[in-house]
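J.: These protein sequences, in sequence, are chains A and B. Going by the working numbering, the residue at position 189 of the first sequence is 193; the numbering climbs one at a time, nothing skipped. Going by the working numbering, the residue at position 136 of the second sequence is 140; the numbering climbs one at a time, nothing skipped. Where a beta carbon is used, it is the ideal one built from N, C-alpha and C, also for glycine. This one's a predicted model, so the numbers in the text were calculated from it and none came from an experiment. Right, I'll just put the structure down here and ask away after.
Protein chains: 2
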Amino acid sequence: MERVEQHACFGGSQEVWSHRSRTLDCEMKFAVYLPPQARQGRRPVLYWLSGLTCNEHNFIVKAGAQRYAAEHGVILVAPDTSPRGADVADDADWDLGQGAGFYLNATQAPWSKHYRMYDYAAEELPALIEAEFPASDRRAISGHSMGGHGALTIALKNPGRYRSVSAFSPIVAPSQVPWGKKAFAAYLGEDRNAWREWDAAALIARAQERLPLLIEQGEADEFLTTQLWPELLRAACEAVGHPIDLRMRLGYDHSYYFIASFIGEHVAYHAAALAD
Amino acid sequence: MERVEQHACFGGSQEVWSHRSRTLDCEMKFAVYLPPQARQGRRPVLYWLSGLTCNEHNFIVKAGAQRYAAEHGVILVAPDTSPRGADVADDADWDLGQGAGFYLNATQAPWSKHYRMYDYAAEELPALIEAEFPASDRRAISGHSMGGHGALTIALKNPGRYRSVSAFSPIVAPSQVPWGKKAFAAYLGEDRNAWREWDAAALIARAQERLPLLIEQGEADEFLTTQLWPELLRAACEAVGHPIDLRMRLGYDHSYYFIASFIGEHVAYHAAALAD
């Protein structure tokens with residue numbers, strides 16, 4: 005494991021690390037922000053999963069979350085969004101292949117060789133963070149768009165693993181929208197039953213833990229009625245009594261200007277859950 | 005004038021506009037953040053000048069300043085760093101030509117045709133902002149690196165024009181460092197007397213107004229002892245009793261992680277001066 009960037013930031017340290025992932029069988033980078041409190045002992049971790057086309061830099065450059073992480077003493081960890089490298093399968097489109105891992109374990113060739121972002125984000129990365137950084141095993145998870153889908157599905161599939169979960173502009177029902185259908189058909193094949201394992205709206209009915217869902221959604225989001233459909237998640241939650249707080253924000257779009265405007269509220273929300 | 009981007013952000017509006025600049029004789033873009041208070045009436049303006057290689061996006065994407073501008077009711081304006089376009093002179097190096105206008109009026113061919121960033125940033129842009137947006141004529145100015153040089157020289161050359169000035173990691177004595185010598189030789193020619201008009205450390209002695217200088221500087225800045233030399237500005241100020249607050253920050257580098265960490269203090273500083 006090698007540190008490739010380090011910047012002082014809000015009294016703590018914004019770092020980028022490179023390591024060989026056993027799960028993905030390639031070199032991977034992730035960003036970690038260590039708040040000043042991490043010099044005194046182990047701190048809880050908020051994992052952030054980014055959206056389509058992103059890598060480990062987008063969140064740490066654009067969201068302004070370090071200020072709030074420093075205030076609350078929370079470590080931030082932001083991985084890349086897919087396996088990477090010249091020998092990793094890719095696609096000419098930006099919504100499939102590298103930069104578009106969808107936080108699932110692919111079963112179809114050529115993707116199944118490297119595309120295991122679910123195992124990476126849910127298992128390998130937290131184990132690495134807790135072994136190599138001053139991180140406790142108190143975990144929260146959030147993300148944006150494809151990464152909001154990742155945060156919700158990973159939390160729902162791992163009861164007891166996360167103290168809290170939230171998402172900005174998530175793809176809540178990938179089985180039913182163009183981005184998800186395209187990715188799932190490629191990564192998982194045409195058997196729709198397999199898709200349900202990676203679909204938050206479908207997982208709600210059999211969730212073994214009623215972990216509340218905090219969803220932040222801009223009403224002016226250009227993908228709201230084509231790719232996101234948060235009402236599908238609210239309906240799934242209401243059908244089984246799963247707690248959900250869906251916050252519709254007038255005028256906000258899909259960009260990081262939206263995330264920056266509300267990330268402070270999310271970090272505070274997770275910090276409260278992590279402090280219990 | 006055409007609005008090319010608009011995003012809700014911290015209750016206000018982050019916009020990017022394109023217009024034909026008479027001064028520069030080319031199409032130019034600038035970013036403007038309108039805080040929520042600008043819907044109720046005219047607000048003061050903090051102008052931000054960016055550094056080498058930057059355009060109108062860097063500050064609005066990376067600094068996280070909108071939060072503080074919304075808190076204090078200050079408009080933020082961030083222009084591009086040079087004239088732009090296929091018919092505008094350029095250089096293969098990143099520290100000369102497009103992206104490196106140095107906020108001066110060039111006198112040498114081929115640069116003198118378009119490179120008048122001083123007139124643009126000090127005259128044309130404020131006049132445009134105050135005519136077309138809900139902006140008052142209360143102005144403050146700040147910037148980073150080459151843009152810190154721009155903020156300092158523009159404030160020093162225009163007594164009474166700005167209520168306050170600050171700079172992050174500024175090039176304080178361009179006549180004496182490699183970036184400045186290269187740019188000044190190209191834009192201004194070899195007459196060193198002409199260079200003194202665009203050098204903050206040289207302008208201090210004959211400043212007609214003792215406007216305090218607030219300088220934020222990382223001690224781990226990779227350009228500190230090659231390009232920046234803030235001690236030269238402090239010495240020039242002390243020689244004539246010009247007020248300067250030079251804040252050396254342990255561990256911080258030249259990046260936007262440094263700017264983000266302290267921009268809140270600068271916005272508050274300018275807001276206090278603008279509120280008088």
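Kindly indicate the opening and closing residues of the beta strand (DSSP E) around Cys241/A.
T.: From DSSP, Cys241/A is part of no beta strand (DSSP E) but of the alpha helix (DSSP H) over 234-244.
J.: Between Glu223/A and the rest of its own chain, which residues show a CB-CB distance below 6 angstroms, the 5 nearest in sequence each way excluded?
T.: Met252, Leu254
J.: Please list the residues of the stretch 250-261 of chain A that have a C-beta atom closer than 9 angstroms to any C-beta atom in chain B, keeping them in chain order.
T.: Arg253, Leu254, Gly255, Tyr256, Asp257, Ser259, Tyr260, Tyr261
J.: Is there a C-beta anywhere in chain A that falls below 8 angstroms from the one on Ala12/B?
T.: yes
J.: With 16 other CB atoms within 10 Å as the buried threshold, where does Ala209/B fall?
T.: exposed
J.: Tell me whether the beta-carbon of Leu129/A lies closer than 8 angstroms to the beta-carbon of His274/A.
T.: no
J.: Counting only runs that start and end within the stretch 126-155 of chain A, where is the beta strand (DSSP E) found for 3 or more residues in a row?
T.: 139-147
J.: With H, G and I counted as helix, E and B as strand and the rest as coil, what does DSSP make of Ile175/A?
T.: coil
J.: Run through DSSP, which three-state label would Val92/A get?
T.: coil
J.: Kindly indicate the opening and closing residues of the beta strand (DSSP E) around Lys117/A.
T.: Per DSSP, Lys117/A belongs to no beta strand (DSSP E) and is neither H nor E.
J.: May I have the straight-line CA-CA distance separating Asp94/B from Ala189/B, to the nearest angstrom?
T.: 15 angstroms
J.: Give me the chain A residues within the contact set of Arg43/B, using Cβ-Cβ distance strictly less than 7 angstroms, ordered along the chain.
T.: In chain order: nothing, as chain A lies at least about 12 angstroms away.
J.: Would you mind telling me which residues of chain A sit closer than 8 angstroms to Gly68/B, beta carbon to beta carbon, in chain order?
T.: Gly68, Arg71, Ala264
J.: Run through the stretch 8-80 of chain A for me and flag every whole beta strand (DSSP E) of 3 or more residues, listed as ranges in chain order.
T.: 16-25, 30-38, 47-53
J.: Whose Cβ in chain A lies nearer than 8 angstroms to the Cβ of Ala275/B?
T.: Those within 8 angstroms of Ala275/B in chain A number zero; the least Cβ separation is about 18 angstroms.
J.: Please tell me whether Ala240/B has its Cβ less than 8 angstroms away from any Cβ of chain A.
T.: Chain A contact via Cβ: absent.
J.: Which stretch, first to last residue, makes up the alpha helix (DSSP H) that contains Leu215/A?
T.: Leu215/A -> no alpha helix (DSSP H), and no H or E assigned at all.
J.: Exposed or buried, Met5/A, counting other C-beta atoms within 10 Å across all chains shown (16 or more means buried)?
T.: Met5/A should be labelled exposed.
J.: Apply the 10 Å Cβ neighbour rule to Val20/B and answer buried if 16 or more other Cβ atoms are within range, or exposed otherwise.
T.: buried
J.: Is Asp84/B buried or exposed, if buried means 16 or more other CB atoms sit within 10 Å of its CB?
T.: Result: buried.
J.: Taking Thr57/A as the reference, which of Gly105/A, Arg24/A, Gln41/A has the closest Cα?
T.: Gly105/A
J.: Which residue from Met150/B, Ile133/B, Tyr191/B, Trp233/B puts its Cα closest to that of Ser25/B?
T.: Ile133/B
J.: Below 8 angstroms, can you find three or more Cβ-Cβ pairs linking the stretch 166-177 of chain B to the stretch 211-230 of chain B?
T.: yes
J.: Give the residues from the stretch 203-227 of chain A that approach chain B closer than 9 angstroms (Cβ to any Cβ), ordered along the chain.
T.: Gly222, Ala224
J.: I want to verify the contact list: residues of chain A whose CB lies under 7 angstroms from the CB of Gln18/B, in sequence order.
T.: Tyr261
J.: Looking only at its chain, what residues have a beta carbon closer than 6 angstroms to the beta carbon of Pro138/B, apart from the 5 residues adjacent to it on each side?
T.: Ala42, Arg46
J.: For Val65/B, which residues in chain C fall below 8 angstroms Cβ to Cβ?
T.: The structure shown has no chain C; the protein chains it does contain are A and B.
J.: Report, in whole angstroms, the separation of the C-beta atoms of Arg143/B and Arg165/B, which I expect to be a contact under 8 angstroms.
T.: 6 angstroms
J.: Going along the chain, which residues of its own chain have a beta-carbon closer than 7 angstroms to the beta-carbon of Leu92/A, five neighbours each way excluded?
T.: It should be pointed out that residue 92/A corresponds to Val in this sequence rather than to Leu. These residues qualify, in order along the chain: Cys30, Gln102, His118.
J.: By alpha-carbon positions, which one of Pro40/B, Ala73/B, Leu228/B, Val65/B ends up nearest to Glu269/B?
T.: Ala73/B
J.: Find the nearest neighbour of Trp199/A within the set Trp183/A, Ile219/A, Pro178/A, judged by alpha-carbon distance.
T.: Pro178/A
J.: Considering only the beta carbon of each residue, do Ala69/A and Leu80/A sit closer than 8 angstroms?
T.: yes
J.: CB Asp257/B to CB Glu235/B, shorter than 8 angstroms?
T.: no
J.: Distance, Cα to Cα, Ile64/A vs Leu278/A?
T.: 21 angstroms
J.: Are Gly152/A and Ile175/A touching if we call contact CB-CB under 8 angstroms?
T.: Less than 8 angstroms separates the beta-carbon of Gly152/A from that of Ile175/A.
J.: The alpha helix (DSSP H) that contains Ile267/B, what's its start and end?
T.: 260-278
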